[in-house]
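Position one of the sequence shown corresponds to residue 0 (numbering that gives the first Met the number 0), numbered consecutively onward.
Just so you know, even glycine gets a beta-carbon here, dropped at the ideal spot from N, CA and C.
One structure is given here, and the rest of the page talks about it.
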Amino acid sequence: MEVLDYLIDSYGRFKRLLVKPCGGVKGEVSISGAKNSALPLLAASLLVEDLTLENFPFLLDTLYALKILKLLGKEVELFPDRKRVRIHGGITSTRVPLELASLFRGSILFLGGLLGAVGRATVSPPGGCPIGSRPIDQHLKFVEHLGGEIGFEGGYISVNLRARAKRGDFTFDLITVTGTENALLTLAGIEGEHTLRNVALEPEVLDLVNFLREVGINVETYGRTMKIEVPPKGKLKRRLTYRVIPDRIEAGTFLVLGGLLGEPLRVKNLNTDHLRVVIEKLTQSGVRVNVLSPSEVEVFRAEALRGIDIETAPYPGFPTDMQAQFMAMLSVARGDSIIVERIFENRFKHAYELRKMGANIAVEGNTALVRGVEGLKGARLKATDLRASASLVIAGLIAKGETVIENIGHLLRGYEGMDKKLRGLGCEVELV
Ligand code: EPU
């Protein structure tokens, strides 16, 4: 069996996570490369002949993406010990198989990658976390605007840009992360000057922008406007090595854990710049966070956590991907907290699981009222999406009694070696 299939199989065989109560976490944890940066960069590997990605996170979503690249004709070499992958060679197919695309949301990025590389793509609506309807109308509106022909057949969407591609000057109706990334990837293949307005500015989007700059494409941002200047293909770099930024959501997850159990906990290899609002909210709720350097912080268990209000928003606002972990923490804070989810319409499923542990959370529409309780108790839970599963792990560690989290595949899709990292800090968790 090939290494890639072996890794996918070895993660895929785990069904649940057993979590024992943890008295405190001590020592240090090193943050992996960002999943949501690695995915657009993997799609961008289609634009060049030979790309090596460093600080690459080996987790299910990125492994699925590598599998797609292989099916598109690319050679893929894995170096897990060195946190590195190399993707090289040409493209022999422009069809992203439905079975793989349906496994993760990031698969939609191959639309932009293929359009940028060869002007044609056949993809299917992506899968991923069930946190709302998650349409891709903006992605398609953009390619239509470029003059792309779009066809629908047998669960697939086919786009052909070649004949009519033109200068891109496009305004998004709403701020979309992968929508902005797909537009950038597509435009990378169209010589000339383009403008994108109302773009997402998440650090992962800007990581792709930096990558494109390395390749030789000039991208300038002015507020939520991006000007993109694409030189003739012959002038672009074809071989390069690029380093993935640290995963701010993994880092934020460990910061929350540290706020509950840190004795203290040292979190290394993060980028504090990307975590400003998360650190601010932790501090507001009574957690002490010592920023030791731009890439290292120390976080202490709070003497008494206070309830706070949170409203998710596009970056630089509070990340929707940190909402569930904060909810777990605030469920044992003193007083009330109000959490408003503004990005996704159905991202409170973890609230019902936390309630099984004794949390007092009322949900109405996109608002949750969390009334702090003394403590949580272990329970049998179900992970409903990626970040929800992280919140349940945190809740399980602070609860009295053992917790079993079913459906743990969600966690493995987005966190690299979470179980090992937790054991390294003294927690008793086991994947089975
Ligand atoms: N939206 C539309 N139409 C579109 C695109 C988006 O209506 O064509 C809506 C969405 O339904 C949502 C909002 O716009 O209500 C924002 O969605 P966005 O497109 O920004 O989300 P995404 O690109 O699908 C990425 C991350 C998510 C993260 C969000 C928001 C990747 C692969 N995924 O999703 O990450 O929550 O941005 O920051 O980058 C995760 O890692 O757990 C995760 C869910």
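Is the stretch 338-352 touching the stretch 320-329, taking contact as three or more C-beta pairs under 8 Å?
Yes, they touch.
Using CA coordinates, which residue listed in Val276, Ala43, Asp80 and Thr220 is at the minimum distance from glycine 115?
The shortest Cα separation from glycine 115 among Val276, Ala43, Asp80 and Thr220 belongs to Ala43.
Specify, as a first and last residue, the run of the beta strand (DSSP E) that threonine 334 falls within.
With the sequence shown as reference, residue 334 is identified as glycine, and threonine is not the correct amino acid for it. Premise fails: glycine 334 is in no beta strand (DSSP E) and is neither H nor E.
What whole-angstrom Cβ distance do valine 73 and isoleucine 86 have, given they're in contact under 8 Å?
According to the sequence provided, residue 73 is lysine. The question's valine does not apply to it. With a Cβ gap of about 5 Å, lysine 73 and isoleucine 86 count as contacting.
Please indicate yes or no: does the CB of asparagine 35 lie closer than 6 Å to some heavy atom of the ligand EPU?
Checking the Cβ of asparagine 35 against the ligand EPU gives yes.
Roughly how many whole angstroms lie between the Cα atoms of arginine 104 and serine 123?
Between arginine 104 and serine 123, the C-alpha separation is close to 11 Å.
Taking C-alpha atoms, which residue in Ala398, Thr51 and Asp8 lies nearest to phenylalanine 210?
Cα-wise, what sits closest to phenylalanine 210 is Thr51.
Please go through the same chain and pick out, in chain order, the residues whose beta-carbon is closer than 8 Å to the beta-carbon of alanine 301, but skip the five residues on each side of it.
Cβ neighbours of alanine 301 beyond the five flanking positions: Gly258, Leu259, Ser284, Gly285, Val286 and Arg287.
Say the cut is 6 Å; is the CB of aspartate 206 nearer than that to a heavy atom of the ligand EPU?
Result no, Cβ not under 6 Å from the ligand EPU.
I'd like to know whether the C-beta atoms of glutamine 332 and glycine 371 end up nearer to each other than 7 Å.
The question names glutamine, but residue 332 in the sequence shown is alanine. Cβ atoms of alanine 332 and glycine 371: closer than 7 Å.
From valine 84 to leucine 41, what distance separates their C-alpha atoms?
The alpha-carbon atoms of valine 84 and leucine 41 are separated by roughly 10 Å.
So is alanine 358 buried or exposed if we call it buried at 16+ other beta carbons inside 10 Å?
The residue is buried, with at least 16 neighbouring Cβ atoms inside 10 Å.
Between threonine 175 and the ligand EPU, is the CB less than 6 Å from at least one heavy atom?
For the ligand EPU, at least one heavy atom lies less than 6 Å from the Cβ of threonine 175.
Any idea what DSSP makes of serine 29, helix, strand or coil?
Note: serine 29 maps to strand in three-state DSSP.
Could you give the C-beta distance for leucine 62 and leucine 6, rounded to a whole number, given that I count them as a contact under 8 Å?
That belief holds up - the Cβ atoms of leucine 62 and leucine 6 are roughly 6 Å apart, short of 8 Å.
Looking only at C-alpha atoms, which of Thr366, Glu340 and Leu391 sits nearest to arginine 354?
That would be Leu391, whose Cα lies nearest to the Cα of arginine 354.
Could you check what DSSP says for asparagine 159 in three-state terms: helix, strand or coil?
Strand, per DSSP.
So is phenylalanine 317 buried or exposed if we call it buried at 16+ other beta carbons inside 10 Å?
Burial call: buried.
Identify every run of the alpha helix (DSSP H) within the stretch 164-251, keeping only runs that are complete inside it and at least 4 residues long; order them along the chain.
Those alpha helix (DSSP H) runs which fall completely within the stretch 164-251 and span 4+ residues are 176-186 and 202-214.
Comparing the CB of glutamine 322 with every heavy atom of the ligand EPU, is any distance shorter than 6 Å?
Glutamine 322: no, Cβ never under 6 Å from the ligand EPU.
In angstroms with no decimal places, state the Cα-to-Cα distance between lysine 376 and lysine 399.
Those two C-alpha atoms are separated by around 5 Å.
Under 8 Å: do the stretch 222-229 and the stretch 189-204 share three or more Cβ pairs, one atom per stretch?
Flag = yes, the stretch 222-229 and the stretch 189-204 touch.
Could you tell me the boundaries of the beta strand (DSSP E) in which alanine 367 lies?
Its beta strand (DSSP E) spans residues 366-370.
Is glycine 154 buried or exposed, if buried means 16 or more other CB atoms sit within 10 Å of its CB?
By the 10 Å Cβ count, glycine 154 comes out exposed.
On the DSSP letters alone, give me the boundaries of the alpha helix (DSSP H) that aspartate 60 sits inside.
First-last of the alpha helix (DSSP H) with aspartate 60: 59-70.
Can you tell me whether threonine 240 is buried or exposed, with buried defined as 16 or more other CB within 10 angstroms of its CB?
When all chains shown are included, threonine 240 counts as exposed.
Using a Cβ-Cβ cutoff of less than 7 Å, which residues in the same chain neighbour histidine 138 once the five nearest sequence positions on both sides are dropped?
Excluding sequence neighbours, histidine 138 sits near Ile107, Leu110, Gly178 and Asn181.
Any heavy atom of the ligand EPU within a distance shorter than 6 Å of the CB on aspartate 136?
Yes, the beta carbon of aspartate 136 sits closer than 6 Å to at least one heavy atom of the ligand EPU.
Using a 10 Å radius around the Cβ and a threshold of 16 neighbouring Cβ atoms, would you call leucine 291 buried or exposed?
Exposed is the call here.
Report the residue from Pro263, Asn365 and Thr185 whose alpha carbon sits nearest the alpha carbon of valine 117.
Considering only alpha carbons, the answer is Thr185.
Looking at leucine 368: is its Cβ nearer than 7 Å to the Cβ of alanine 378?
Going by C-beta atoms, leucine 368 is not nearer than 7 Å to alanine 378.
Taking C-beta to C-beta, are arginine 15 and valine 403 nearer than 7 Å?
Yes, these two residues count as a Cβ contact at 7 Å.
DSSP three-state call for alanine 361: helix, strand or coil?
In this structure, alanine 361 counts as strand in the three-state DSSP scheme.
Let me check understanding here. Comparing Cα to Cα, which of Asp418, Gly423 and Arg422 lies closest to tyrosine 10?
Looking at the Cα atoms, Asp418 is the closest of the given residues.
Who are leucine 16's beta bridge partners in DSSP?
Beta-bridge pairing links leucine 16 to Ile404 and Leu430.
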